[in-house]
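Oh and the sequence shown: position 255 is 255 in full-length UniProt numbering, straight run, nothing missing. Structure record follows, encoded as structure tokens.
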Amino acid sequence: MRVVENEAEFLPQLAGAQREALAAFGDGTVFLERYLQQPRHIEIQILADTHGNIVHLGERECSIQRRHQKIVEESPSIALTPTLRAQMGAVAIRIARAANYVNAGTLEFMLDSDQQFYFLEMNTRLQVEHPVTELVTGLDLVRQQLYIASGEPLDLQQEKLTPRGHAIEVRLYAEDPQQQFLPSTGLITGFISPVGPGVRVDSGVAAGDEISQYYDPMLAKLIVYAEQRPAAIARLRAALERCAIFGVTTNISLLHAISLHPAFYAGETPTNFLELHSLPDTKIQPELPDTILAAAAITVVKQDMQDVARMPHSPNPWQSLGPWRTTGGERTLTYTYQEQEYQVGIRPTTQRLESWLISIDQREPMEVIGLVENENRLLIKTQHSQQALYVQAQQYEIQLFMAGQQYRLERTRPPEIASAAHGSSQLQKQKSLTAPMAGTIVKVQAQEGDIVEARQVLLILSAMKMEHAITAPYAGKIQRIYYAEGAVVQGGALVVEMAEEE
Numbered sequence: 001m002r003v004v005e006n007e008a009e010f011l012p013q014l015a016g017a018q019r020e021a022l023a024a025f026g027d028g029t030v031f032l033e034r035y036l037q038q039p040r041h042i043e044i045q046i047l048a049d050t051h052g053n054i055v056h057l058g059e060r061e062c063s064i065q066r067r068h069q070k071i072v073e074e075s076p077s078i079a080l081t082p083t084l085r086a087q088m089g090a091v092a093i094r095i096a097r098a099a100n101y102v103n104a105g106t107l108e109f110m111l112d113s114d115q116q117f118y119f120l121e122m123n124t125r126l127q128v129e130h131p132v133t134e135l136v137t138g139l140d141l142v143r144q145q146l147y148i149a150s151g152e153p154l155d156l157q158q159e160k161l162t163p164r165g166h167a168i169e170v171r172l173y174a175e176d177p178q179q180q181f182l183p184s185t186g187l188i189t190g191f192i193s194p195v196g197p198g199v200r201v202d203s204g205v206a207a208g209d210e211i212s213q214y215y216d217p218m219l220a221k222l223i224v225y226a227e228q229r230p231a232a233i234a235r236l237r238a239a240l241e242r243c244a245i246f247g248v249t250t251n252i253s254l255l256h257a258i259s260l261h262p263a264f265y266a267g268e269t270p271t272n273f274l275e276l277h278s279l280p281d282t283k284i285q286p287e288l289p290d291t292i293l294a295a296a297a298i299t300v301v302k303q304d305m306q307d308v309a310r311m312p313h314s315p316n317p318w319q320s321l322g323p324w325r326t327t328g329g330e331r332t333l334t335y336t337y338q339e340q341e342y343q344v345g346i347r348p349t350t351q352r353l354e355s356w357l358i359s360i361d362q363r364e365p366m367e368v369i370g371l372v373e374n375e376n377r378l379l380i381k382t383q384h385s386q387q388a389l390y391v392q393a394q395q396y397e398i399q400l401f402m403a404g405q406q407y408r409l410e411r412t413r414p415p416e417i418a419s420a421a422h423g424s425s426q427l428q429k430q431k432s433l434t435a436p437m438a439g440t441i442v443k444v445q446a447q448e449g450d451i452v453e454a455r456q457v458l459l460i461l462s463a464m465k466m467e468h469a470i471t472a473p474y475a476g477k478i479q480r481i482y483y484a485e486g487a488v489v490q491g492g493a494l495v496v497e498m499a500e501e502e
């Protein structure tokens, strides 16, 4: 989908929509529709059997979206009155009956601020967000599909179908909201799924699975249910704080921010909710709490101690001596977060088990108790607080999840021989443009020798049903284009070389 606000944008946006449609569905046909400002996206679930019986199962509100794709769905909608709900349900049934439809299906509508609704499309299948309808109706929609396919009549009466409680679903995507929702590919090295009353997770991936460019970026669906909407929001927030996916970048932090937002709590959720409230706020990076640095240091030191325990008679003195050196029993670790360096001093105390004295950037040491509850969960206790975290340490990076926020800390890397030998300047780095993700080159809009302007689109990369434009960082001359249209490239691959204009 493309929003066109002036005539000059029309042809480029049309071409982009056609390319995406052709790549995803094998059909480049597109439709021109009126654009409604700040509407809600409301859909009606129906069931229709071979005997002419059709019922609707209420609505789902799917207004919070990115790239015109849903990320939050809930039922019932706070925007619908009983009268409007009945009207939309009746229209949905009428459309399905006119099409002689049989199966589970969804009629999608746009609802404007004047409570006028407009038919959008019908999805002739079970949708991603069907679990919220299952939870508020108590029906298994897949079971109902099987009954219908077997030729059995629906054992449901419209007047007896009354939703109970409130359900919310969020989609966990492999993408970076801080980088304009750029898809994230790679290996899932850890997947911690929340459990508890009223919490359901539908997932198609697990630790060890590789996320490639060839599929939609959705990893899993987190669904919560409670008696009332405020309780469902609180349950959603708590579930997101107990969820962690390591190895790829996800939208967990964004979903948690939505669950905390006053406008979401109030039910003020038009389709431009994210833009309206500047979510995610790419200008403001999350601050790094001391708890994160303490957890990172404890994790690394405990791993080193475990390595020593596994090799007590190693001939390597750096392994046999463990992490403690001739520094008064203190070890100093260096971490980089958002291009800022932090020094963390850590040493064990003798007062209690699992207790450490930790000093950050040479500030007054604080006593921290770090309890490893399982492979990835760490409980951090200080004099004034207690916080659970999920941690995974790799050779040069530590990923941590705390309170629904993901943090990536970099550890000091040894210098690369090639860089040290030949040197590297910022100007050299700017000459080479790389693919920000694995994908397929669907359009090359420049040629070698062209003089281009800053921010001019050079190539268009497609991955996970989305397009990403690679643009010129400055005005200059194209020296070389390494790939033609249709080529598949890996993330980080050199795609264009250019020189600054003299």
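Built from N, CA and C at the ideal position, the CB exists for glycine as well.
Is residue i helix, strand or coil by DSSP?
{"i": "alanine 421", "result": "Summary for alanine 421: the model assigns pLDDT 47, below 50, so the residue's position carries little reliability, and this model does not support an answer."}
{"i": "methionine 464", "result": "coil"}
{"i": "threonine 291", "result": "helix"}
{"i": "lysine 221", "result": "strand"}
{"i": "arginine 200", "result": "strand"}
{"i": "alanine 234", "result": "helix"}
{"i": "glutamate 9", "result": "helix"}
{"i": "threonine 326", "result": "The predicted model places threonine 326 with a pLDDT of 47, which falls under 50 and marks its position as unreliable; any figure quoted below should be read in that light. It is coil, neither helix nor strand."}
{"i": "glutamine 442", "result": "The amino acid at residue 442 is misidentified as glutamine; the sequence shows valine. Looking at valine 442 - three-state DSSP - the assignment turns out to be strand."}
{"i": "tyrosine 101", "result": "coil"}
{"i": "glycine 89", "result": "helix"}
{"i": "arginine 40", "result": "strand"}
{"i": "glutamine 116", "result": "coil"}
{"i": "valine 30", "result": "coil"}
{"i": "glycine 492", "result": "coil"}
{"i": "threonine 133", "result": "helix"}
{"i": "lysine 429", "result": "Note that lysine 429 scores a pLDDT of 41, beneath 50, so its modelled location is shaky and nothing firm can be said."}
{"i": "proline 82", "result": "helix"}
{"i": "alanine 15", "result": "helix"}
{"i": "alanine 174", "result": "coil"}
{"i": "glutamine 362", "result": "coil"}
Among the options, which has the Cα closest to the Cα of residue i?
{"i": "tyrosine 407", "options": "Lys431, Ala149, Pro289, Leu156", "result": "Pro289"}
{"i": "lysine 498", "options": "Met466, Thr440, Ser432", "result": "According to the sequence shown, residue 498 is methionine rather than lysine. Taking only the C-alpha atoms, the option nearest methionine 498 is Ser432."}
{"i": "valine 372", "options": "Gln362, Gln392, Ser359, Asp361", "result": "Gln392"}
{"i": "tryptophan 356", "options": "Ala295, Tyr390, Met402", "result": "Ala295"}
{"i": "serine 212", "options": "Val308, Gln445, Gly186", "result": "Gly186"}
{"i": "valine 300", "options": "Glu501, Leu22, Gln399", "result": "Gln399"}
{"i": "threonine 137", "options": "Ser259, Leu11, Glu227", "result": "Glu227"}
{"i": "isoleucine 223", "options": "Arg200, Glu210, Ala21, Leu293", "result": "Arg200"}
{"i": "valine 55", "options": "Met88, Asp27, Ile71, Phe31", "result": "Met88"}
{"i": "asparagine 6", "options": "Val170, Cys243, Tyr35", "result": "Tyr35"}
{"i": "threonine 81", "options": "Leu32, Leu47, Lys70, Phe117", "result": "Phe117"}
{"i": "proline 365", "options": "Gln13, Arg455, Gly345, Ala174", "result": "Gly345"}
{"i": "alanine 266", "options": "Gln37, Ile78, Ser193", "result": "Ile78"}
{"i": "glutamine 285", "options": "Glu339, His261, Glu241, Glu330", "result": "Glu339"}
{"i": "leucine 126", "options": "Leu22, Leu120, Arg143, Tyr390", "result": "Arg143"}
{"i": "leucine 255", "options": "Asn53, Ile470, Gln65", "result": "Gln65"}
{"i": "threonine 83", "options": "Ile95, Glu59, Arg97", "result": "Glu59"}
Report buried or exposed for residue i, applying the criterion of at least 16 other Cβ atoms within 10 angstroms of its Cβ.
{"i": "histidine 68", "result": "exposed"}
{"i": "leucine 57", "result": "buried"}
{"i": "serine 75", "result": "buried"}
{"i": "arginine 310", "result": "exposed"}
{"i": "phenylalanine 273", "result": "buried"}
{"i": "proline 473", "result": "exposed"}
{"i": "lysine 283", "result": "exposed"}
{"i": "threonine 326", "result": "Since pLDDT at threonine 326 reaches only 47, below the 50 mark, its modelled position is unreliable, and the value read off the structure follows with that caveat. So threonine 326 counts as exposed."}
{"i": "phenylalanine 181", "result": "buried"}
{"i": "histidine 130", "result": "buried"}
{"i": "leucine 427", "result": "Summary for leucine 427: the model assigns pLDDT 42, below 50, so the residue's position carries little reliability, and this model does not support an answer."}
Do residue i and residue j have their C-beta atoms within less than 8 Å of each other?
{"i": "leucine 459", "j": "valine 496", "result": "yes"}
{"i": "glycine 105", "j": "threonine 189", "result": "no"}
{"i": "alanine 493", "j": "alanine 463", "result": "no"}
{"i": "glycine 486", "j": "isoleucine 441", "result": "yes"}
{"i": "isoleucine 245", "j": "leucine 172", "result": "yes"}
{"i": "glutamine 145", "j": "asparagine 100", "result": "no"}
{"i": "isoleucine 478", "j": "glutamine 445", "result": "no"}
{"i": "alanine 167", "j": "leucine 135", "result": "yes"}
{"i": "glutamate 61", "j": "threonine 332", "result": "no"}
{"i": "isoleucine 360", "j": "threonine 291", "result": "no"}
Which stretch, first to last residue, makes up the beta strand (DSSP E) that contains residue i?
{"i": "glycine 476", "result": "476 to 481"}
{"i": "leucine 409", "result": "405 to 411"}
{"i": "residue 522", "result": "This structure cannot settle anything about residue 522, because the visible part of the chain is limited to 1 through 502."}
Does the CB of residue i have a neighbour CB from chain D at under 8 Å?
{"i": "glutamine 445", "result": "As a matter of chain content, chain D is missing from the structure shown, which is built from one protein chain."}
Please report the residue range of the alpha helix (DSSP H) in which residue i lies.
{"i": "glutamine 144", "result": "141 to 149"}
{"i": "alanine 257", "result": "252 to 260"}
{"i": "glutamate 268", "result": "Where glutamate 268 is concerned, there is no enclosing alpha helix (DSSP H), given that its DSSP letter is neither H nor E."}
For a test of your reading of the model: does the CB of residue i fall under 7 Å from any non-hydrogen atom of the ligand ZN? Yes or no.
{"i": "glutamate 74", "result": "Absent from the structure shown: the ligand ZN. Ligands present: none."}
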